[in-house]
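So the protein lines, in turn, are chains A and B. Sequential numbering of the first sequence, starting at 0, is according to numbering that gives the first Met the number 0. Sequential numbering of the second sequence, starting at 0, is according to numbering that gives the first Met the number 0.
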Amino acid sequence: MKTGFKNFIKLATFLLIVLGILVYLNQVFLYRDKSIWSTDYRVKQYKELPQNSVEVLFLGSSNLMSGINPVQLWEETGIQSYAYCSRAQTFPFTYAYLQDALKTQNPECVVIDAYSIFCDKIINNLSNTDFHFGINMDSLSVSAKSELITNYIYKKEWLSYYFPLFKNHNYYKSWENPEDEAAEIFMGFCFADGIEYYDTPQYSDNVAVMDEVDGIYLQKIIELCQEREIDLFVIKTPVAYTDEEHQKLNAAKQMCEAYGVEFYDMSLDAADWGFDFNTDMRDSFHINKNGAKKATSRIGEMLSEMYNFAENNTRQYADVWALEYERMNAFLELQTEQ
Amino acid sequence: MLFNSLEFVVFYLGVLLLYYILPKKIRFVWLLFASYIFYGAWNVKYLALLFGITFATYLCGCMIDKITKSNGEAKKREFARKAVLTVGIVTNIGLLIYFKYMDFFAYNIYRVLGAIGIQIPEYHFDILLPVGISFITFQALGYAIDVYRGKIKAEKNFLKYALFVSFFPQLVAGPIERSSNLLRQIQNVHLQKKISYEKFTNGFALMLYGYFQKVFIADKAAVLANTVFANPGQYSTVELALGAIAFSIQIYCDFGGYSNIAIGAAQVLGFEMMENFNTPYFATSIQDFWRRWHISLSSWFKDYVYIPLGGNRCGKARRYFNLMVTFLVSGLWHGAQMTYVVWGGIHGFIQILEKEAADLIKKLGIKVKTEVFSYKLLKMLFTYFVVTIAWIFFRADNVSLAFAYIRQMFTNFNFAVLFNGSLYKLGLVKNDMTVLCIGVVILFLTELVRYKKNMRIEKYLCTQNLWFKWAVLIVMILCVVLFGEYGINYNAAEFIYFQF
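Printed below as a string of structure tokens:
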């Protein structure tokens, strides 16, 4: 009996050591992206912000990453915001990221980008090698990603998504310097170069049938915001959409209106606030840094009219945004010199 | 259900848990059920074949036993026993030929007829090859022959016999167990002593080493070998040599790894299976190689083909004939392709040359210090060289390509590839190559320990201090988890010998 108990302790200790090492490595082997589109960097920077310092939280895809500049927004309006975005973020992921984001912040307003409307989504068993799934999932907490994994991932890959170590273990093949960090991200925003000429979008008054998954998760987002008494503002950064795509956006607008949620399609009145599809687009879905400057000012104007944050105690953290503003200016000066 | 899949891990743990919960008397029934589930997971239709082979050889054994015990003229009894055994052999071999060799034999018959001017319409047999059929038929046949020879009594309990044939750890790729070993343990499963902690953990340690060999070494070496063998014409001596060496490592770690997982899995369940590999690349001759490589198969061919043919208890010419037949058939056993037959033939032929060379040295009175390190090293290197050249035939798509590969390897010299980064364009990036090299070094060290201490790695670890044992096991786990070829973006590479 004594030997049996001793052996049990030995085995248990060994297994615990192995488990401990694997749990530690699980954190090391999260998907890491060193580009300006990095999700993991944004998540890390967001978690380092002082609690309850964010007044407006932006959530969305790369459209928003390079579309709205929270540092410029702060400089122009004093609003403390963060672009908590991830690549190709669709509404299911927006919901999951929002759940995580609200653990450390209590913004007065959440602004989400409706990029999801334009994506094709397979309802069940989404592609197990989907690049965006991998990078979006890794940055989520277990509680936030459980529902997505259960609903959308092949069963045999669940373990890899709960333990990204098993999915990302082959990083060693291209491992260069793990210490390098993506430095050109400012409160979640990144400067996107390039100009592509586009005509104004093709508008339509018709309303397409909303994608089932989008409908489910937009409703969840709305309900979560209502529960937390947070205003929700759904926008779409300027996109050179087709009329078919605009019909999908109209469906999202219709749903928002039904729930009393503000919806703003920035493409519709783009000319009014100075946006030019000929010169301010990087590609059909992303605005370039010139376009971002204009779009940020526009959103800033609207948010300033809607809210008065100046009296909130969040303003004690203004120095955090001030530091980031200095860093951004230093980066822009360097860019100019080069 | 591949061994290197999550499904197998879950399956095995489930089988193990229930095995130790159930009363000893019915444990074998649970194992039988689990074994059929395991085999059925490949293809449910295979179960009929498995059952058919089991029933046929079970019947064969019972009838031989009954005839042996019956009263009657000894001559008639012997005739009847032989007849029953012949039916059993023909049934098993017949099934093997049907599923595995129909198209091969037909193809060669068409070629032969065509060569002598007889043209007949060609028909291609499109028969699904049941996984592990070569192993299953040989194991069952071995039992029938052992009963005939009186080495073992016929098993009357059909379920126990069925478990012997279908025991899942070794079902699809061996080791080809003998009835005197595995069946005897199954017969006495109700007397199984409580498994010791050491045996239990050693079994898992051996399985871990098997996974290490498979996903850390074999599957990486496979990438390199596949790249080179896919288009040998574009490579030079160095790359072709690397490709051949990579394949020799791949096949050893793949098959050896599988065997270790199988033996370890059985050990955890309280069953001792026979050794299948014993540092084969440390062999000092081809004959020695076959005492170390796929031991269960080579001993099966020795006991059931070579010895019945006369073995070495006859004149030289007949002895050599027996050797060649055994190795040609052994080659054919591996697959329905001339490349395997040629591969087997090379091994048989080299053994003949070795014997002739030894006789010549003796005749000439040449004194050679055979027990010194230099001599052994030279012989090891030469044997490894011959074995690796033979592997080229084993791996190539056809015999002409194998010859072309060898010709290119010995004529297209270009040593610049060692320095110009070409070696990182063979399917493996630099970091992967580094990891593979580290894996090969670790493999060499474990083989050296086995060679010197005559102890398997997990048994050797047992003799060390606990902290060292844990450190080695943890490193192996990390190697598999961090550097193994598995995961979402990989198709779990099948074990090479599953195709046989």
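Here a beta-carbon is modelled for each residue, glycine too, at the ideal position from N, C-alpha and C. Note that this is a predicted model, so its numbers are computed, not measured.
Simplified DSSP assignment, three categories, for I144 of chain B:
Walking along the second sequence from the start, residue 144 of chain B turns up at place 145. I144 of chain B: helix per DSSP, three-state reduction.
Residue-chain proximity (T200 of chain B, chain A), Cβ-Cβ < 9 Å
Locating residue 200 of chain B in the second sequence gives position 201, where the first residue counts as 1. Yes - at least one Cβ of chain A is within 9 Å of the one on T200 of chain B.
A239 of chain A to K154 of chain A, Cα distance in whole Å?
Here the question's residue 239 of chain A lines up with position 240 in the first sequence. Here the question's residue 154 of chain A lines up with position 155 in the first sequence. A239 of chain A and K154 of chain A: Cα-Cα distance of roughly 38 Å.
Could you work out which residues of chain B lie near V17 of chain A, taking near to mean beta carbons separated by less than 7 Å?
Looking up residue 17 of chain A in the first sequence gives position 18. Per Cβ cutoff of 7 Å: I473, I476.
Contact between the stretch 11 to 29 of chain B and the stretch 105 to 120 of chain B (3+ Cβ pairs under 8 Å)
no
Would you list, in chain order, the members of the stretch 24 to 43 of chain B that have their beta-carbon closer than 8 Å to a beta-carbon of chain A?
none
Which chain B residues sit within Cβ distance under 7 Å of F340 of chain A?
Lying outside 0 to 337, the shown extent of chain A, residue 340 of chain A is not represented and no answer is given.
Uninterrupted alpha helix (DSSP H) stretches inside the stretch 312 to 348 of chain B (no shorter than 4 residues)
315 to 333
Which residues in the same chain have their Cβ closer than 8 Å to the Cβ of F165 of chain A, if we skip the five residues on either side of it in sequence?
Working through the first sequence from its first residue, we reach residue 165 of chain A at position 166. Taken in chain order, the residues that qualify are L158, S159.
Chain-order list of residues whose beta-carbon lies under 6 Å from that of A370 of chain A (same chain, five-residue window excluded):
Look at the range of chain A in this structure, 0 to 337, and you will see that residue 370 of chain A is not part of it.
Which same chain residues, not among the five before or five after A245 of chain B, have their C-beta less than 6 Å away from its C-beta?
The sequence position of residue 245 of chain B within the second sequence is 246, counting from 1. Here the set comprises A220, L223, A224.
Taking C-beta pairs closer than 7 Å, name the residues in chain B that H245 of chain A reaches, listed in chain order.
Numbered from its first residue, the first sequence carries residue 245 of chain A at position 246. Simply none; closest approach about 36 Å.
Can you give me the C-alpha to C-alpha distance between D192 of chain A and D282 of chain A, rounded to a whole angstrom?
Locating residue 192 of chain A in the first sequence gives position 193, where the first residue counts as 1. Locating residue 282 of chain A in the first sequence gives position 283, where the first residue counts as 1. So the two alpha carbons sit approximately 10 Å from each other.
Could you tell me the alpha carbon to alpha carbon distance between V188 of chain B and Q249 of chain B, rounded to whole angstroms?
In the second sequence, counting from the first residue as 1, residue 188 of chain B sits at position 189. In the second sequence, counting from the first residue as 1, residue 249 of chain B sits at position 250. Near 36 Å, if we compare the C-alpha coordinates of Q249 of chain B and V188 of chain B.
Please report the straight-line C-alpha distance between V341 of chain B and H333 of chain B, rounded to a whole angstrom.
Along the second sequence, one-based indexing puts residue 341 of chain B at 342. Along the second sequence, one-based indexing puts residue 333 of chain B at 334. Rounded to whole angstroms, V341 of chain B to H333 of chain B spans 11 Å at the Cα level.
Per DSSP, what kind of secondary structure is C84 of chain A in: helix, strand or coil?
Your numbering for residue 84 of chain A matches position 85 in the first sequence. Looking at C84 of chain A - three-state DSSP - the assignment turns out to be coil, as it is neither helix nor strand.
Where DSSP assigns a beta bridge to L190 of chain B, which residues make up the other side?
Along the second sequence, one-based indexing puts residue 190 of chain B at 191. DSSP lists no partner for L190 of chain B.
Nearest to T313 of chain A by alpha carbon, out of A:E304, A:P106, A:S145, A:L267?
Here residue 313 of chain A corresponds to residue number 314 of the first sequence, with the count starting at 1. Comparing Cα positions, the closest option is A:P106.
Using the three-state DSSP reduction, which class does E261 of chain A fall into: helix, strand or coil?
Position 262 of the first sequence, counting from 1, holds the residue named residue 261 of chain A. If DSSP states are grouped into helix, strand and coil, E261 of chain A belongs with the strands.
Between Y197 of chain A and I234 of chain A, which are expected to be in contact by the criterion C-beta below 8 Å, what is the C-beta distance as a whole number of angstroms?
For the purposes of this step, residue 197 of chain A is identified with residue 198 of the first sequence, where counting begins at 1. For the purposes of this step, residue 234 of chain A is identified with residue 235 of the first sequence, where counting begins at 1. Y197 of chain A to I234 of chain A, Cβ: 19 Å. No contact.
Mind checking if F482 of chain B is an interface residue toward chain A, Cβ cutoff 9 Å exclusive?
For the purposes of this step, residue 482 of chain B is identified with residue 483 of the second sequence, where counting begins at 1. Yes, F482 of chain B lies at the interface with chain A (some Cβ there is under 9 Å from its Cβ).
Going by DSSP, what residue range makes up the beta strand (DSSP E) through D198 of chain A?
As a first step, residue 198 of chain A must be located in the first sequence, where it is residue number 199. D198 of chain A -> no beta strand (DSSP E), and no H or E assigned at all.
Within the 9 Å Cβ cut-off, does E323 of chain A reach chain B?
To locate residue 323 of chain A, count along the first sequence from 1; it is residue 324. No, no contact with chain B.
What alpha helix (DSSP H) runs, 4 residues minimum, are completely inside the stretch 220 to 269 of chain B?
236 to 267
Run of the beta strand (DSSP E) containing C108 of chain A, from where it starts to where it stops
In the first sequence, residue 108 of chain A corresponds to position 109, counting from 1. Unbroken beta strand (DSSP E) run through C108 of chain A: 108 to 112.
Return the first residue and the last residue of the alpha helix (DSSP H) that F163 of chain B is part of.
Locating residue 163 of chain B in the second sequence gives position 164, counting from the first residue. Segment 157 to 165, the alpha helix (DSSP H) holding F163 of chain B.
Extract the residue ranges of the alpha helix (DSSP H) inside the stretch 13 to 83 of chain A, only unbroken runs of 4 or more that lie entirely within it.
38 to 47, 61 to 64, 69 to 76
Output the boundary residues of the alpha helix (DSSP H) element that contains K429 of chain B.
Residue 429 of chain B sits at position 430 when you count from the first residue of the second sequence. Counting along the chain, the alpha helix (DSSP H) containing K429 of chain B begins and ends at 429 to 452.
Please state whether DSSP places V28 of chain B in a helix, a strand or coil.
Here residue 28 of chain B refers to the residue found at position 29 of the second sequence. Note: V28 of chain B maps to helix in three-state DSSP.
F137 of chain B and Q169 of chain B - do their beta-carbons sit closer together than 9 Å?
Locating residue 169 of chain B in the second sequence gives position 170, counting from the first residue. Locating residue 137 of chain B in the second sequence gives position 138, counting from the first residue. In this structure, F137 of chain B does not lie closer than 9 Å to Q169 of chain B by Cβ.
Say whether the stretch 202 to 215 of chain A touches the stretch 457 to 466 of chain B, bearing in mind that this needs 3 or more beta-carbon pairs closer than 8 Å, one atom from each stretch.
no
I'd like to know if S138 of chain A contacts chain B, where contact means its C-beta is closer than 9 Å to some C-beta of that chain.
The residue given as residue 138 of chain A occupies position 139 in the first sequence. S138 of chain A does not count as touching chain B.
Do we get a CB-CB distance below 9 Å when we pair W292 of chain B with the residues of chain A?
In the second sequence, the residue the question calls residue 292 of chain B occupies position 293. So, not an interface residue.
Look at the alpha carbon of A264 of chain B and the alpha carbon of L477 of chain B, and state the distance between them as a whole number of angstroms.
Along the second sequence, read from residue 1 onward, the residue named residue 264 of chain B stands at position 265. Along the second sequence, read from residue 1 onward, the residue named residue 477 of chain B stands at position 478. Computed Cα separation, rounded: 20 Å.
Per the DSSP calculation, F232 of chain A is bridged to which residue(s)?
On the first sequence, residue 232 of chain A is found 233 positions in, with the first residue counted as 1. Answer is A:V110, A:E261.
Verify whether the separation of the beta carbon atoms of I63 of chain B and A153 of chain B is less than 9 Å.
Walking along the second sequence from the start, residue 63 of chain B turns up at place 64. Walking along the second sequence from the start, residue 153 of chain B turns up at place 154. Their beta carbons are under 9 Å apart, which means I63 of chain B touches A153 of chain B by this criterion.
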